[in-house]
Amino acid sequence: MHTPLLRKLVLLVLGMFAFAFALVPLYDVFCDITGLNGKVELTAAEASEEQDLARLVDVSFTTHTQGQAPFKVKAATYQVTVTPGTLTEVNFTAENLSGEARIMQAIPSVSPGMAAKYLHKLACFCFDQQSMQARQKMSFTLRFYVDTELPNDIAELTLAYTLYDITDRNAAAYDALLNPAKHSRHSAAGKDYAQSIQAAVYQQIRGISHG
Amino acid sequence: MTSSTQQAALDQEHDHGHHGPATGIKRWLFTTNHKDIGSLYLLFSLLMFLIGGGMAMVIRAELFQPGLQLVDPHFFNQMTTVHGLIMVFGAVMPAFTGLANWMVPMMIGAPDMALPRMNNWSFWILPFAFLILLASLFMEGGGPAFGWTFYAPLSTTYSNDNTALFVFAVHIMGVSSIMGAINVIVTIVNMRAPGMTWMKLPLFVWTWLITAFLLIAVMPVLAGAVTMVLTDKYFGTSFFDAAGGGDPVMFQHIFWFFGHPEVYIMILPAFGVISTIVPTFSRKKLFGYASMVYATSSIALLSFIVWAHHMFTTGMPLAGELFFMYATMLISVPTGVKVFNWVATMWRGSISFEVPMLFAIAFIVLFTLGGFSGLMLAITPADFQYHDTYFVVAHFHYVLVTGAVFSIMAAAYYWLPKWTGYMYSETLAKWHFWLSLISVNILFFPMHFVGLAGMPRRIPDYALQFADFNALISIGGFAFGLSQLLFVAVVFKCIAGGQRAPAKVWDGAEGLEWEVASPAPYHTFSTPPEVK
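These protein sequence lines are chains B and S, in that order. Here the first sequence is numbered in my numbering, starting from 44 and rising by one per residue. Here the second sequence is numbered in my numbering, starting from 4 and rising by one per residue.
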């Protein structure tokens, strides 16, 4: 007597549980379309076919490190003034401040958030994980342009990079999973394997959110 | 049918009619009786109310004076977090589930809940959830300290290893309330007595039906959110971690998509209780029954499109802020309908002020006050000032303590004679009411002022200018806490004995539950009543 209704309600519960996870790609798609959260594409864009030489836009660059990430990244110029559609290059110098090899991931964010989808990057060190040897210095070139469609009320925007040390991200998780009693973050055994699953998981996640 | 099988059938019926509860602990462990399970829920919720209240006392003791006196800040954070979790998931929600278990079958003329074995499960997993949560407080590193809202990255990057215990506790609470909700829906849809049409349902049943749908819709989303926290923290996913392509702001969207309907889960059954009690003691029919049903449904539907008003300061575009501001304000229309209907029910009624009615009237006044401060918080530009201050704390304690908790107390006093068969001590109960009413306002009203003046919430210390008000608030807090011991005394005194209660305890009361004896027999409505 109760089974048909019960079945529907259980389906509803399972559906809502799935919906919670569906919110993750939905959120990304929504933000992609509307450009709401200042998230920038992590894939290379095509060069612009149009230019708007009558307009000037200030673009500033900032970087900051997340937690204890041992990196220093600095733009050669703090601010550039560009015309929409014109390809611009800015040099960045990066340094691994620690005495061991680390992997850096830079995550860009644009402020004001609404401007995010009008900033296109053709080349960026944030597109890839950067492996850096101990104390290694590297230089990167950012090639970008501002879309001619940029709303008129936006005259200046900031491109902010957050620098993450992702060397241990999945190694730590893997270690915790296998050796819950041990709190060492650097287990020699399994580290290679951990790094390989790290790379795989990482690629997958990036594929999901920015595919 | 042969005479022997007839006899067997008669025997069975005979047995069934006299089938009483098992004895000892087994009665409570194995029970599938809705009244037993209702009592278990209510007593469990009372216990959690006292434990969560004890944590509030620790918070108020620390905040009695500026500076750090009694507990260290990390422990203070655990207290605010676990106090919130326990009061929401351990006190208010199980209390309403307990009321639903006791009253819904009796109100619709059903013999029991539709799925009695699942009912047993949904209660008995609950103590384990809270055992896990409370045990985590005693582990190395302590319990959850990131607020009951467990925002990422506080709950992922910056939390301790015991976070898994918090996650599993929330999973179990979720499973429990989902099972409870399914049971309520199936009972109400399938087991109404003949003639009990939808628009004849008592309002408590209506509000619980809508609440159950809200629970089914959002508890799985909460389960999803805690699961994402779990995998982010322990299994290297990056749902909320920007380094891996995730977004911490998304946590808040998912959480509040659950969180806003959740606050209506805690208040809609309260509306049902008040809509039952006010007509009884006004000796009039409820004014605007149909509009009450539609208002409740509208509130439930609107609750799904207002979540981001908890997140105005996360940097939303103007259009989003305006949408969520107006959608939020829109909710005050159906809520206003309810408040005016209660007042109209009392209008020219011959009102008497028994304790359930006193709590109901206090609910109407003080819940409305909490609603008004909610409207103030809905104003986006003002919210930037109020966000994360004690003004917010004042707001949600007015709607949850003088709202939800007062309605639960009202319901307890209203139905206690039906449950136990005895009248409670009216004198003690009146003391409980007046002490609670006065102390709760000393406790929460000044929080509006310190909040508007800029005192942040969830901080164990504060600037000197807030000292006098905080001392006053703490005194109110201790008084309110002690007053609740009176409630415990009244309840257990009433269970132990007293003046016999008649079947129809209140002369103005209407409904099927008053047609059975007091105390309600172990089995009621084995033959469905005829509803005209």
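Ideal placement from N, C-alpha and C gives every residue a C-beta, glycine not left out.
Neighbour-count burial assignment, residue i, 16 or more Cβ in a 10 Å radius
| i | result |
| --- | --- |
| S:Arg-30 | exposed |
| S:Gln-255 | buried |
| S:Ser-376 | buried |
| S:Glu-533 | exposed |
| S:Trp-271 | Sequence inspection shows Leu at residue 271 of chain S; the Trp mentioned does not correspond to that position. S:Leu-271 is buried by the Cβ-count criterion. |
| B:His-107 | exposed |
| S:Trp-259 | buried |
| S:Leu-321 | exposed |
| B:Leu-69 | exposed |
| B:Leu-32 | With chain B covering only 44 through 254, there is no way to say anything about residue 32 of chain B. |
| B:Tyr-121 | exposed |
| S:Thr-190 | buried |
| S:Val-224 | buried |
Three-state secondary structure assigned by DSSP to residue i
| i | result |
| --- | --- |
| B:Met-147 | strand |
| B:Met-181 | strand |
| S:Asp-218 | At residue 218 of chain S the sequence reads Leu, which differs from the Asp that was named. Three-state result, S:Leu-218: helix. |
| B:Asp-196 | coil |
| S:Ala-138 | helix |
| S:Leu-431 | helix |
| B:Val-133 | strand |
| S:Tyr-525 | coil |
| S:His-390 | coil |
| B:Asp-71 | helix |
| S:Tyr-44 | helix |
| S:Arg-195 | coil |
| S:Thr-200 | coil |
| B:Ala-166 | strand |
| S:Thr-316 | helix |
| B:Tyr-207 | strand |
| S:His-77 | helix |
| S:Asn-122 | helix |
| S:Asn-444 | helix |
| S:Ser-158 | coil |
| S:Asn-36 | coil |
DSSP beta-bridge partners of residue i
| i | result |
| --- | --- |
| B:Tyr-175 | It is Met, not Tyr, that sits at residue 175 of chain B in the sequence shown. Answer is B:Arg-145, bridged to B:Met-175. |
| B:Val-102 | B:Val-123, B:Leu-200 |
| B:Phe-187 | B:Thr-131, B:Lys-164 |
| S:Arg-503 | S:Tyr-425 |
| B:His-107 | B:Thr-205 |
Rounded straight-line distance, which links the Cα of residue j to that of residue i
| i | j | result |
| --- | --- | --- |
| S:Val-192 | S:Val-221 | 20 Å |
| S:Asp-3 | S:Thr-530 | Chain S is shown from 4 up to 535; residue 3 of chain S falls before or after that span and cannot be answered. |
| S:Met-199 | S:Val-491 | 36 Å |
| S:Ala-167 | S:Met-176 | 14 Å |
| S:Gln-487 | S:Phe-370 | 19 Å |
| B:Phe-183 | S:Gly-146 | 44 Å |
| S:Phe-99 | S:Met-269 | 8 Å |
| S:Thr-279 | S:Cys-497 | 22 Å |
| B:Ser-91 | B:Leu-165 | 10 Å |
| S:Ser-1 | S:His-435 | Not covered by the structure: residue 1 of chain S. The range shown for chain S is 4 to 535. |
| B:Ala-268 | S:Ile-62 | The shown model of chain B, from 44 to 254, leaves out residue 268 of chain B, and the question about it has no answer. |
| S:Glu-518 | S:Lys-507 | 7 Å |
| S:His-398 | S:Met-450 | 9 Å |
| B:Ser-154 | B:Ile-146 | 26 Å |
| S:His-400 | S:Leu-489 | 21 Å |
| B:Arg-205 | B:Ser-152 | Per the sequence shown, residue 205 of chain B should be read as Thr rather than Arg. If I take the Cα positions, the gap works out to 8 Å. |
| S:Asn-104 | B:Met-59 | 25 Å |
| B:Gly-156 | B:Ile-76 | 12 Å |
| B:Ser-227 | B:Pro-194 | Caution is warranted here: a pLDDT of 39 is assigned to B:Ser-227, below 50, making its placement in the model unreliable, and the coordinate value is therefore given only provisionally. Roughly 51 Å between the two C-alpha positions. |
| B:Thr-124 | S:Ala-245 | 28 Å |
Boundaries of the beta strand (DSSP E) in which residue i is found, first to last residue
| i | result |
| --- | --- |
| S:Ala-303 | From DSSP, S:Ala-303 is part of no beta strand (DSSP E) but of the alpha helix (DSSP H) over 292 to 305. |
| B:Gln-13 | An answer regarding residue 13 of chain B cannot be provided, because it is not within the stretch 44 to 254 covered by chain B. |
| S:Phe-92 | Neither: S:Phe-92 is in no beta strand (DSSP E) and is coded neither H nor E. |
| B:Val-116 | 114 to 118 |
Residue i beta carbon near the ligand FMN (any heavy atom closer than 8 Å)
| i | result |
| --- | --- |
| B:Leu-185 | Ligands are entirely absent from the displayed structure, and the ligand FMN is therefore not among its contents. |
Bounding residues of the alpha helix (DSSP H) (the contiguous stretch that carries residue i)
| i | result |
| --- | --- |
| S:Gly-457 | It is not in any alpha helix (DSSP H) - S:Gly-457 carries neither H nor E in the DSSP assignment. |
| S:Glu-265 | 251 to 268 |
| S:Lys-341 | 335 to 349 |
| S:Ile-478 | 470 to 499 |
| S:Trp-151 | It is not in any alpha helix (DSSP H) - S:Trp-151 carries neither H nor E in the DSSP assignment. |
| S:Thr-283 | 271 to 285 |
| S:Ile-364 | 358 to 381 |
Partner residues on chain D for residue i, Cβ-Cβ distance less than 7 Å
| i | result |
| --- | --- |
| S:Pro-223 | Structure shown: chain D not included; protein chains present are B and S. |
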